[in-house]
Amino acid sequence: MTQKLLILLFFFGSFVMKSQNLVWKTNLNDAIAISNEQKKPLLIYFTAAGVSQKFEDDIFKTPDFAVWSRDNVILLKLDLSNTTISDAEREQNVKIRNAFGTEELPQVCLALASIKKMKTTFNALGKVPYNSGGVRAWIIEANAILRPE
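One point on numbering: in the numbering used here, the residue at position 61 of the sequence shown is 62, and numbering is uninterrupted.
Written out as structure tokens, the structure reads:
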């Protein structure tokens, strides 16, 4: 009995650990290439230092989000306060933020994107605001944008 319980705890623990290790792309071109290859839209997370961590704590760090995101989107995190990126990349990220009309941070936008002749084109699908109803309510709202009926 104890052995079965330990195996169950190990299994559950490894699932929870994997759910918190999401693969967020931080380079736009890499994310677009993977998005087009896998035929999945981008989930662009605009953030900066000092903004609310509710998205990350209540949505992104859940097993439900890990499963949903793996199956539905390519994750792209654009940290507008990141000092380790080049000025050109920072400027590009600000232009993308402005193109999506994102004024408040953090913000999540869903989009399709392509690069042709060195020009990036976005097809904005919609924004998914933080939902205090929890991750399942947030996923329902995201799915409504991704698969409108």
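For glycine and all other residues, C-beta sits at the position ideal for the given N, C-alpha and C. The model shown is predicted, which means the values in this text are computed figures rather than measured ones.
Name the DSSP bridge partner or partners of residue i?
i, result
"VAL129", "VAL129 pairs with nothing; no bridge assigned."
"ALA114", "PHE123"
"PHE47", "LEU79, GLN108"
"LYS26", "LEU77"
Under 7 Å, Cβ to Cβ, is there at least one residue of chain B near residue i?
i, result
"ASN30", "Looking for chain B here will not work: only one protein chain is present."
What residue from the options has the CA that sits closest to residue i's CA?
i, options, result
"ALA112", "MET119, LYS118, ILE86, VAL129", "VAL129"
"SER70", "THR84, SER53, GLN39, VAL52", "GLN39"
"ASP31", "ASP58, ASP59, GLN54, GLU90", "GLU90"
"VAL68", "GLU150, ASN22, GLY134, PRO149", "ASN22"
With a threshold of 7 Å on Cβ separation, who are the neighbours of residue i within its own chain once the five nearest residues in sequence on each side are excluded?
i, result
"ASN132", "ALA138, TRP139, GLU142"
"LYS41", "ASN73, VAL74, ILE75"
"VAL24", "LEU76"
"LEU147", "PRO42, ASN73, LEU111, LEU126"
With a cut-off of 8 Å on the beta carbons, I'd call residue i and residue j a contact; round off their distance for me.
i, j, result
"ILE116", "LEU77", "14 Å between Cβ atoms; not a contact."
"VAL136", "THR63", "5 Å"
"PHE123", "ALA114", "5 Å"
"ILE33", "THR103", "With a Cβ gap of about 18 Å, ILE33 and THR103 do not count as contacting."
"PHE56", "VAL109", "7 Å"
Going by the beta-carbon positions, is the gap between residue i and residue j smaller than 7 Å?
i, j, result
"THR48", "LEU126", "no"
"LEU79", "ASN94", "yes"
"LEU29", "SER36", "no"
"ALA50", "SER82", "yes"
Can you list, in chain order, the residues of its chain with a C-beta nearer than 6 Å to that of residue i? Leave out the 5 residues immediately preceding and following it.
i, result
"ASN144", "none"
"LYS96", "none"
"ILE60", "PHE66, VAL136, TRP139"
Near residue i, what residues of its chain come up, given a Cβ to Cβ distance below 8 Å and the 5 sequence neighbours on each side ignored?
i, result
"VAL52", "LEU106, PRO107"
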